[in-house]
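Residue numbers (the working numbering): 1 to 352.
Working notes, structure below.
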Ligand code: MRU
């Protein structure tokens, strides 16, 4: 990822190796502020309060959180307690539990004195693997964009995306954005319709920031706009990330994804979901069984942004609000799953 022209990852070890640095994503794009996490409690807070976010990145952050806990106390009791604490930070993304389980399973059989170092090494590997997976997802998605470009070589490929499934949501490249970045590098003209993604505006604030940093042409749209654009033939493909894909192929992703899938289906626009295999959840039969995180009503009733007086928060309604953070897109609305192993048209037994 390019940040002020310099290549960075969204999570990095501190110079002394004992902690990690992340960006406080609540302050983007207005300010780039790196913060250090030095304990499992720091990591849990950063995930819960969404300083860091996105399914793969919260997995990586939690993995380091468990490593930091073991550096202080490598006992079985501490391992179990911090495992439980970190898993509870956000309920929906399966990568979170996956990453914590990977660390716990790797270090559980070791003598306590060896656990912390092994946990940090495994967390580093999770990050390196995430970058490689996303790069591979990008290569497979790029083939789709090449095909669309060949159909209409005289104009950019118009892509619609929801939320932020970019490098800010992963360790690097992103999932849904990886094909876009690779297409841009290859010289394929692309233009991205960026759903603002209320209530937290991850599209308007984060995806737009990322795309701008890489010089990718893009336009932010209100969440209600995609349907009209699809009716007018102004969207060639929708591509989104996901927090969990269940055994039957249902897709859990940021609230509002389902409406885009419906509109895409009605208008014959291909709807793709980009994900690493670590986001498949073969143990959950369908989307009905996924716990949907419910977040504070203030995320709906308040908005924050820069004014002449600095960064300020204003109220946009005096009424009560309801704020489920994710929804379920049924498998029947998904054209394909763009994974590191290729583009799959159906899920059954895929996660085996
Ligand atoms: O609530 P967030 O911002 O963590 O939600 C993120 C998303 O919904 C992403 O699309 C998903 O985690 C995939 S990230 C590659």
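By construction, the Cβ of each residue, glycine as well, lies at the ideal position given by its N, Cα and C atoms.
Note that the coordinates shown come from a computational prediction; the quantities given were computed from them, not determined experimentally.
| query | result |
| --- | --- |
| Tell me, which residues are paired with residue 7 by DSSP? | 2 |
| Going by beta carbon distance, what residues of the same chain come within less than 6 Å of residue 343, once the five residues before and after it are set aside? | 140, 336 |
| Just to check, is the beta-carbon of residue 24 closer than 7 Å to a non-hydrogen atom of ligand 1? | no |
| Quick one: which unbroken beta strand (DSSP E) runs of 3-plus residues sit fully inside the segment 131 to 210? Chain order, please. | 157 to 161, 190 to 195 |
| Rank 56, 41, 58, 57 by C-alpha distance to the C-alpha of residue 70 and give the top, closest one. | 41 |
| Grouping DSSP H, G and I as helix and E and B as strand, with all else coil, what is residue 342? | strand |
| Mapping the DSSP letters down to three states, classify residue 332 as helix, strand or coil. | helix |
| Roughly how many angstroms lie between the CA atoms of residue 46 and residue 65, to the nearest whole one? | 10 Å |
| Count Cβ pairs between the segment 274 to 283 and the segment 199 to 209 that sit closer than 8 Å; are there 3 or more? | no |
| Given 7 Å as the limit, tell me if residue 55 has its C-beta closer than that to any heavy atom belonging to ligand 1. | yes |
| Report all residues from its chain with a CB closer than 7 Å to the CB of residue 301; omit the five preceding and five following residues, and keep chain order. | 315, 316, 317, 321 |
| Please find out if some non-hydrogen atom of ligand 1 comes closer than 7 Å to the beta-carbon of residue 253. | yes |
| In chain order, what residues of the same chain have a beta carbon less than 6 Å from the beta carbon of residue 306, not counting five sequence neighbours either side? | 30 |
| If you draw a straight line from the alpha carbon of residue 154 to that of residue 334, how long is it in whole angstroms? | 28 Å |
| Between the Cα of residue 75 and those of 105, 113, 15, spot the shortest distance and give me the residue it belongs to. | 113 |
| Pull up the DSSP beta-bridge partners for residue 97, would you. | According to DSSP, which records beta bridges pairwise, residue 97 is partnered with nothing at all. |
| According to the Cβ coordinates, are residue 137 and residue 250 closer than 8 Å? | no |
| On the premise that residue 124 lies in contact with residue 161, defined as a C-beta separation below 8 Å, what is that separation, rounded to the nearest angstrom? | The Cβ separation is near 29 Å, so there is no contact. |
| What three-state label does DSSP hand residue 12 in the structure shown? | strand |
| Please determine whether the Cβ atom of residue 174 lies at a distance below 7 Å from any heavy atom of ligand 1. | yes |
| Give the DSSP bridge partners of residue 120, in chain order. | Residue 120 is not bridged to any residue. |
| Does DSSP put residue 352 in a helix, in a strand, or in coil? | In this predicted model, residue 352 has a pLDDT of only 44, less than 50, meaning its place in the structure is not dependable enough to derive any value. |
| Hey, quick one: how far does the alpha helix (DSSP H) through residue 257 stretch, first residue to last? | 257 to 267 |
| For residue 78 and residue 255, what's the separation of their Cα atoms in angstroms? | 35 Å |
| How big is the Cα-Cα spacing for residue 208 and residue 218? | 7 Å |
| Between residue 62 and residue 99, is the Cβ-Cβ spacing less than 8 Å? | yes |
| Using 7 Å as the cut-off, classify the Cβ of residue 127 as near or not near the heavy atoms of ligand 1, replying yes or no. | no |
| Is it buried or exposed, residue 319, if we count other Cβ atoms within 10 angstroms and call 16 or more buried? | exposed |
| If contact is defined by three or more beta carbon pairs under 8 Å, each pair taking one atom from either stretch, is the segment 221 to 230 in contact with the segment 286 to 301? | no |
| Shorter than 7 Å, the distance from the beta carbon of residue 240 to the closest heavy atom of ligand 1, or not? | yes |
| Do you know how far the Cα of residue 134 is from the Cα of residue 253? | 17 Å |
| Got a sec? Which residues, its chain only, sit under 7 Å from residue 87 by beta carbon, not counting five neighbours each side? | 96, 97, 100 |
| Whole angstroms are fine: how far does the CA of residue 198 sit from the CA of residue 330? | 21 Å |
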